[in-house]
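Line by line, the protein sequences are chains L and E. Numbered according to the numbering used here, the first sequence terminates at residue 177, and the numbering increases by one at each position without gaps. Numbered according to the numbering used here, the second sequence terminates at residue 1296, and the numbering increases by one at each position without gaps. A virtual CB, placed ideally from N, CA and C, is assigned to each residue, including glycine. Scroll down for the structure; my scribbles are underneath it.
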Amino acid sequence: MDHRFHLLPAAALVIAAPALHATTYLSADQARELMFPGLAFTHEEVILAPEQLRAIAQASGVKPFSTRLQVWRGAAGELFIVDEVLGRHEFITFALGLDATGAVKDVEILQYNESYGDEIRNAAWRAQFTGKQHGATLKLDKDIQNISAATLSCKHITEGVKRLLATYALVLGKPAA
Amino acid sequence: MRSCLASLPLERAQPWLGTRVAIRVDRCRPGASAQRAISHAFQEVAQVHALMSFRTADSDVARLNREAHRHAVAVDRHTLAVIHAARALSHASEGAFDITLAGRWVSAGLLPPPAGAPWPDPAASFRDVRIEDDAVRFLRPLWIDLGGIAKGYAADCAAAALRRHGVLEGRVDAGGDLVTLGHGPHCIALHDGRGRSDTLALVEIGEGAVATSSNRPDVRRHNGHAAVAHWDGRRGDALGPPCSVSVLAPEGLYADALTKVVMAMGDDALPLLVRHGAVAYRHDDVHGWRSLGAAA
Chain L
1 MDHRFHLLPA AALVIAAPAL HATTYLSADQ ARELMFPGLA FTHEEVILAP
51 EQLRAIAQAS GVKPFSTRLQ VWRGAAGELF IVDEVLGRHE FITFALGLDA
101 TGAVKDVEIL QYNESYGDEI RNAAWRAQFT GKQHGATLKL DKDIQNISAA
151 TLSCKHITEG VKRLLATYAL VLGKPAA
Chain E
1001 MRSCLASLPL ERAQPWLGTR VAIRVDRCRP GASAQRAISH AFQEVAQVHA
1051 LMSFRTADSD VARLNREAHR HAVAVDRHTL AVIHAARALS HASEGAFDIT
1101 LAGRWVSAGL LPPPAGAPWP DPAASFRDVR IEDDAVRFLR PLWIDLGGIA
1151 KGYAADCAAA ALRRHGVLEG RVDAGGDLVT LGHGPHCIAL HDGRGRSDTL
1201 ALVEIGEGAV ATSSNRPDVR RHNGHAAVAH WDGRRGDALG PPCSVSVLAP
1251 EGLYADALTK VVMAMGDDAL PLLVRHGAVA YRHDDVHGWR SLGAAA
């Protein structure tokens, strides 16, 4: 397989403290338009009461991360929810689309903050490497967007979806009193 | 729909196959829609997930684990293609790569036991998996898991969908298994699974695939696994010492699966790499990065 391999040694190891690296994929509006093209939605912020939080945790096995939920409602009962999950090494903002029956339509990751592999994406860390090897000048000043790494689990999103489905069943899917 | 001329690169990510799958379009044909191409590519990934999930009760894999020891079970052409490739790799690696080890992973707490499936025969191996036309039959009770090969295959399918929808340059990232479109060159950093390193390993490729596997404790801790996730099917024990293997291959399926073969077989994997047009880079704390199959 045709390729070039470069092993760049660090000129000096002056490494800043690790910081979470954020990758932004879509805005909430873009994700909503993708899931429900052309459909009008009304935004509301839902504040969950302590007893609702307890009921959601009991039903889903996952403790709600926040008492506030950003929810958009469509005319026929469609729902679009933007929420966050916090793992040990990542902080993820995701969007969940539910059809009028409450079934999952789509899940999109809006923003992914991770610590794993962050040094490769960290411009200050990359700056210590010489970018010239075997006559090739590598554009290390530009973000390296491709990283091949061991697969990392993203079970927190699965748990987040489970929690939001319980939130729908217990709180959001019920008609307003 | 956003036309290809508007604001590229465009990248989206969704959770599939137990990991984050990110699909990016850098360039496409005039008139093509990058957004539509990415949506179709995610549909391919979703289909592979639905067919090959170990945990979902109605997946092909779950049905096979429940029933294939009793009778031949018809499966989708995608599942058949992956099992076919897995069997060929198992034979060629004399069992170092073996999709029938799921019983050990369940015992180790890495996977939940499949509902309604009889406990696997401890003597079962890839030799007990038979393909009969469009169906699969097991010669004794066993559990297969396609986690070591399906991500690469899903990335191949997604890349093919992008191509069909007019994408000329782009990349599919199935949780660190990458498939690239277009001549690039695509610059890809190889993450060796350690924390901060004093070297940066990069490969530049055209159209192709790069996959990485690591049995380092850091990676297992990140995934919440106390046990080792990589096993040598020939000996039936965990792989060690800690190392990371990246494989470059024309297809994601083979890049993904061959990482486990190289991890188990080391230099003995060279003929298999050559057969699949692949090269490997292995990193451990003693030797640093070493190549396998790459021209000097």
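message: When you compare the region 161 to 172 of chain L with the region 1119 to 1127 of chain E, are there three or more beta-carbon pairs, one atom per stretch, that lie closer than 8 Å?
response: no
field: Status (buried if at least 16 other CB within 10 Å, exposed otherwise) for LYS1260(E)
entry: Counting from one through the second sequence, the residue named residue 1260(E) turns up at place 260. That one is buried.
- prompt: To the nearest angstrom, how far is it from the Cα of VAL1210(E) to the Cα of THR1100(E)?
  reply: If you number the second sequence from 1, residue 1210(E) lands on position 210. If you number the second sequence from 1, residue 1100(E) lands on position 100. Going by the C-alpha atoms only, they are around 24 Å apart.
- prompt: Which term fits SER1007(E), buried or exposed, when burial requires 16 or more other beta carbons within 10 angstroms of its beta carbon?
  reply: In the second sequence, the residue the question calls residue 1007(E) occupies position 7. Flag for SER1007(E) reads exposed.
- request: For my contact list, GLU1169(E) and ARG1027(E) are in at a C-beta cut-off of 8 Å; report their separation, rounded to the angstrom.
  value: Sequence index remark: in the second sequence, residue 1169(E) carries index 169 (1-based). Sequence index remark: in the second sequence, residue 1027(E) carries index 27 (1-based). Right, the Cβ-Cβ distance comes to about 4 Å (below 8 Å), so this counts as a contact.
When ASN113(L), MET35(L), HIS6(L) and ALA22(L) are compared against ARG73(L), the one with the closest alpha-carbon: Translated into the one-based positions of the first sequence, residue 73(L) becomes position 73. Nearest option by C-alpha distance: MET35(L).
query: Does the pairing of the region 1184 to 1202 of chain E with the region 1033 to 1040 of chain E give three or more beta-carbon distances under 8 Å?
result: no
- prompt: Less than 8 Å separating the beta-carbons of ALA1150(E) and VAL1082(E)?
  reply: Numbered from 1 along the second sequence, position 150 holds the residue referred to as residue 1150(E). Numbered from 1 along the second sequence, position 82 holds the residue referred to as residue 1082(E). Yes, the Cβ-Cβ distance between ALA1150(E) and VAL1082(E) is below 8 Å.
ALA1115(E) classed as buried or exposed, judged by whether at least 16 other C-beta atoms fall within 10 angstroms: If you number the second sequence from 1, residue 1115(E) lands on position 115. So ALA1115(E) counts as exposed.
- prompt: For LEU39(L), does the three-state DSSP call read helix, strand or coil?
  reply: Along the first sequence, one-based indexing puts residue 39(L) at 39. In the structure shown, LEU39(L) sits in coil (DSSP, three-state: anything other than H, G, I, E or B).
query: Helix, strand or coil: how does DSSP classify TRP72(L) here?
result: Locating residue 72(L) in the first sequence gives position 72, where the first residue counts as 1. Of the three classes helix, strand and coil, the one that applies to TRP72(L) here is strand, per DSSP.
query: In whole angstroms, what separates the C-alpha of ALA1068(E) from that of GLY1018(E)?
result: Within the second sequence, residue 1068(E) is the residue found at index 68, counting from 1. Within the second sequence, residue 1018(E) is the residue found at index 18, counting from 1. Between ALA1068(E) and GLY1018(E), the C-alpha separation is close to 25 Å.
query: Between the C-alpha atoms of LEU8(L) and GLU78(L), what's the straight-line distance to the nearest angstrom?
result: Taking the first residue of the first sequence as 1, we reach residue 8(L) at position 8. Taking the first residue of the first sequence as 1, we reach residue 78(L) at position 78. Between LEU8(L) and GLU78(L), the C-alpha separation is close to 51 Å.
query: Is ALA103(L) buried or exposed, if buried means 16 or more other CB atoms sit within 10 Å of its CB?
result: What you label residue 103(L) is simply residue 103 of the first sequence in a count that begins at 1. The residue is exposed, with fewer than 16 neighbouring Cβ atoms inside 10 Å.
- prompt: With 16 other CB atoms within 10 Å as the buried threshold, where does VAL1136(E) fall?
  reply: For the purposes of this step, residue 1136(E) is taken as residue 136 along the second sequence, with counting starting at 1. That one is buried.
query: Taking PRO1141(E) as the reference, which of ILE1131(E), THR1180(E) and PRO1118(E) has the closest Cα?
result: The sequence position of residue 1141(E) within the second sequence is 141, counting from 1. Of the listed residues, the one whose Cα sits closest to PRO1141(E) is PRO1118(E).
Proximity test, Cβ basis, 8 Å: ALA1226(E) and chain L: What you label residue 1226(E) is simply residue 226 of the second sequence in a count that begins at 1. Unreliable placement is indicated for ALA1226(E), whose pLDDT of 47 sits below 50; no coordinate value is reported for it.
- prompt: Which same chain residues, not among the five before or five after VAL1279(E), have their C-beta less than 6 Å away from its C-beta?
  reply: For the purposes of this step, residue 1279(E) is taken as the residue at position 279 of the second sequence. Excluding positions up to five away in sequence, the list reads LEU1248, GLY1293 and ALA1294.
- prompt: For LEU1089(E), which of helix, strand or coil comes out of DSSP?
  reply: In the second sequence, counting from the first residue as 1, residue 1089(E) sits at position 89. LEU1089(E): helix per DSSP, three-state reduction.
message: Which residue wins for smallest C-alpha separation from LEU1146(E), given the options GLY1103(E), ASP1173(E), ALA1160(E) and LEU1273(E)?
response: Taking the first residue of the second sequence as 1, we reach residue 1146(E) at position 146. Closest option to LEU1146(E), Cα to Cα, is GLY1103(E).
Residues near ALA59(L) in its chain [Cβ-Cβ closer than 6 Å; skip 5 each side]: Counting from 1 along the first sequence, the entry for residue 59(L) is found at position 59. So the list reads ALA166, once near-sequence residues are dropped.
For LEU1142(E), three-class secondary structure by DSSP: Translated into the one-based positions of the second sequence, residue 1142(E) becomes position 142. The answer is coil: DSSP assigns LEU1142(E) none of H, G, I, E or B.
- prompt: Thinking just about the alpha-carbon of each residue, which of HIS43(L), LEU86(L), THR67(L) and PRO37(L) is nearest to the one in GLU51(L)?
  reply: Numbered from 1 along the first sequence, position 51 holds the residue referred to as residue 51(L). Nearest C-alpha to GLU51(L): THR67(L).
- prompt: If you drop the 5 nearest sequence neighbours on each side, which residues of the same chain put their C-beta closer than 7 Å to that of ARG1020(E)?
  reply: Sequence index remark: in the second sequence, residue 1020(E) carries index 20 (1-based). Closer than 7 Å at the Cβ level, and outside the excluded window around ARG1020(E), lie ALA1013 and GLY1175.
Residues bridged to ASN146(L) (per DSSP): Counting from 1 along the first sequence, the entry for residue 146(L) is found at position 146. Answer is ILE1188(E).
message: For VAL1279(E), would you say it is in contact with chain L, using Cβ-to-Cβ distances shorter than 8 Å as the test?
response: Locating residue 1279(E) in the second sequence gives position 279, where the first residue counts as 1. It does: the Cβ of VAL1279(E) has a partner Cβ on chain L nearer than 8 Å.
message: Once DSSP output is grouped into helix, strand and coil, what is the label at LEU96(L)?
response: Along the first sequence, read from residue 1 onward, the residue named residue 96(L) stands at position 96. Looking at LEU96(L) - three-state DSSP - the assignment turns out to be strand.
task: Taking only beta-carbon positions, decide if CYS1187(E) is within less than 8 Å of chain L.
output: Position 187 of the second sequence holds residue 1187(E). Yes, because at least one Cβ of chain L sits closer than 8 Å to the Cβ of CYS1187(E).
query: In whole angstroms, what is the alpha-carbon distance linking THR1212(E) and LEU48(L)?
result: Within the second sequence, the letter at position 212 stands for residue 1212(E). Within the first sequence, the letter at position 48 stands for residue 48(L). Each residue's Cα considered, the two are about 42 Å apart.
field: Per-residue DSSP class, three states only, for GLY1288(E)
entry: Locating residue 1288(E) in the second sequence gives position 288, where the first residue counts as 1. If DSSP states are grouped into helix, strand and coil, GLY1288(E) belongs with the strands.
- request: Return the first residue and the last residue of the alpha helix (DSSP H) that GLY77(L) is part of.
  value: As a first step, residue 77(L) is located in the first sequence; it is residue number 77 there, counting from the start. Note, GLY77(L): premise wrong, no alpha helix (DSSP H); not H, not E.
- request: State buried or exposed for ALA1062(E), treating a residue as buried only when at least 16 other CB atoms are found within 10 Å of its CB.
  value: Within the second sequence, the letter at position 62 stands for residue 1062(E). So ALA1062(E) counts as buried.
- prompt: The beta strand (DSSP E) spanning HIS89(L) covers which residue range?
  reply: Against the first sequence, residue 89(L) aligns to sequence position 89. That residue, HIS89(L), is in no beta strand (DSSP E); it is neither H nor E in DSSP.
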